[in-house]
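This report concerns only the one structure given below.
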Amino acid sequence: MKTATRQVGKYFGGEFDQPFQATLANSRSEFDAAIPAAWGLAPTQCWMVATGVADRLVMLLPSAWATDACDHRAGDVEEARAILRHELTHVFHGQNNVTRDFTGMDDAAWFIEGLAVVVSGQLTKERLFQAREAAAGGQAPKSLATMWSGKHKYGFAGSMVQFIENKYGRDTLKSLLPLTSNDDILAKLEISESELLHDWETWLAR
Ligand SMILES: [Zn+2]
Numbered sequence: 290m291k292t293a294t295r296q297v298g299k300y301f302g303g304e305f306d307q308p309f310q311a312t313l314a315n316s317r318s319e320f321d322a323a324i325p326a327a328w329g330l331a332p333t334q335c336w337m338v339a340t341g342v343a344d345r346l347v348m349l350l351p352s353a354w355a356t357d358a359c360d361h362r363a364g365d366v367e368e369a370r371a372i373l374r375h376e377l378t379h380v381f382h383g384q385n386n387v388t389r390d391f392t393g394m395d396d397a398a399w400f401i402e403g404l405a406v407v408v409s410g411q412l413t414k415e416r417l418f419q420a421r422e423a424a425a426g427g428q429a430p431k432s433l434a435t436m437w438s439g440k441h442k443y444g445f446a447g448s449m450v451q452f453i454e455n456k457y458g459r460d461t462l463k464s465l466l467p468l469t470s471n472d473d474i475l476a477k478l479e480i481s482e483s484e485l486l487h488d489w490e491t492w493l494a495r
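Going letter by letter, the sequence shown gives residues 290 to 495 in my numbering.
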């Protein structure tokens, strides 16, 4: 947890400036009990093994994946570390965002999740390649709001955030953390949605 926290803080050139509660659950029932009832998620779906917002991180330990989860390789330490970094990115993002838990930001899920995919190292060569192939085959998302959906969502949203970082720099990427809508993000980048999607697709195909 300490190493992952340091890695995520380092990416943003700073530290977590607020405390947060971290629960590493040994079972699905412990996991569900640690998630605030107000979120309405419990009982959680079997694929869900972690969640993170400004003041809270909950993760189902990989030792419980074999019996209490699906779609995750049981005991895969590397995957578990990446998931932990992913959720810590949400925590860092939440601490720098007025919503704190991204309520009402569904249309900007591409940014929230894409950022976590990039910072965690989940934007693998394989995912990037598959996103490129899918885009070349005409499956590229036609809007930002639909980018975090479908089987290539990690590759699409992650590569969009990677593209933004490459083009505008990490400081600009960091300046997007407080924003709560696609309109605000596009205004900050001084680009239209169609231009951004077009430029991203060109970059992805390179
Ligand atoms: Zn996430």
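All C-beta atoms, glycine included, are put in the ideal place defined by N, C-alpha and C.
Please determine whether the Cβ atom of Ala405 lies at a distance below 6 Å from any heavy atom of ligand 1. As a working note, residue 405 is residue 116 in the sequence shown. Yes, the Cβ of Ala405 comes within 6 Å of a heavy atom of ligand 1.
Taking DSSP as the reference, what is the three-state secondary structure of Val408? Here the question's residue 408 lines up with position 119 in the sequence shown. Reduced to three states, the DSSP call for Val408 is helix.
Hey, quick one: how far does the alpha helix (DSSP H) through Gln451 stretch, first residue to last? Your numbering for residue 451 matches position 162 in the sequence shown. Element bounds for Gln451: 442–457.
Going by DSSP, what residues sit across from Leu313 in a beta bridge? Along the sequence shown, read from residue 1 onward, the residue named residue 313 stands at position 24. Answer is Met348, bridged to Leu313.
Give me the Cα-Cα distance between His375 and Ser409, rounded to the nearest whole angstrom. If you number the sequence shown from 1, residue 375 lands on position 86. If you number the sequence shown from 1, residue 409 lands on position 120. One C-alpha to the other measures close to 5 Å.
For the structure I just gave you, are there three or more beta carbon pairs, one from the region 310–322 and one from the region 381–394, closer than 8 Å? The region 310–322 vs the region 381–394: no contact.
Give the range of the alpha helix (DSSP H) segment to which Gly298 is assigned. As a first step, residue 298 is located in the sequence shown; it is residue number 9 there, counting from the start. Element bounds for Gly298: 291–300.
Give every residue of the same chain whose Cβ lies closer than 8 Å to the Cβ of Ala339, excluding the five residues on either side of it in the sequence, and list them in chain order. Walking along the sequence shown from the start, residue 339 turns up at place 50. Cβ neighbours of Ala339 beyond the five flanking positions: Leu346, Val347, Met348, Leu349, Ile372, Leu373, His375, Glu376.
Tell me the DSSP secondary structure of Thr519 in three-state form. Limits of the chain in this structure are 290 at one end and 495 at the other, which puts residue 519 out of reach.
With the cut-off set at 7 Å, would you say Ala358 and Cys335 are in Cβ contact? Position 69 of the sequence shown holds residue 358. Position 46 of the sequence shown holds residue 335. In contact: Ala358 and Cys335 (Cβ atoms closer than 7 Å).
Quick check: is any heavy atom of ligand 1 less than 6 Å from the C-beta of Glu368? The sequence position of residue 368 within the sequence shown is 79, counting from 1. Glu368 Cβ: outside cutoff for every heavy atom of ligand 1.
Measuring alpha carbon to alpha carbon, tell me which of Gln310, Gln384, Thr294 ends up nearest Leu465. The residue you call residue 465 lines up with position 176 of the sequence shown. Cα-wise, what sits closest to Leu465 is Gln384.
For Leu468 and Tyr443, what's the separation of their Cα atoms in angstroms? Looking up residue 468 in the sequence shown gives position 179. Looking up residue 443 in the sequence shown gives position 154. C-alpha separation (whole angstroms): 21 Å.
How big is the Cα-Cα spacing for Gly341 and Ala494? On the sequence shown, position 52 is the one that residue 341 refers to. On the sequence shown, position 205 is the one that residue 494 refers to. Each residue's alpha carbon lies about 32 Å from the other.
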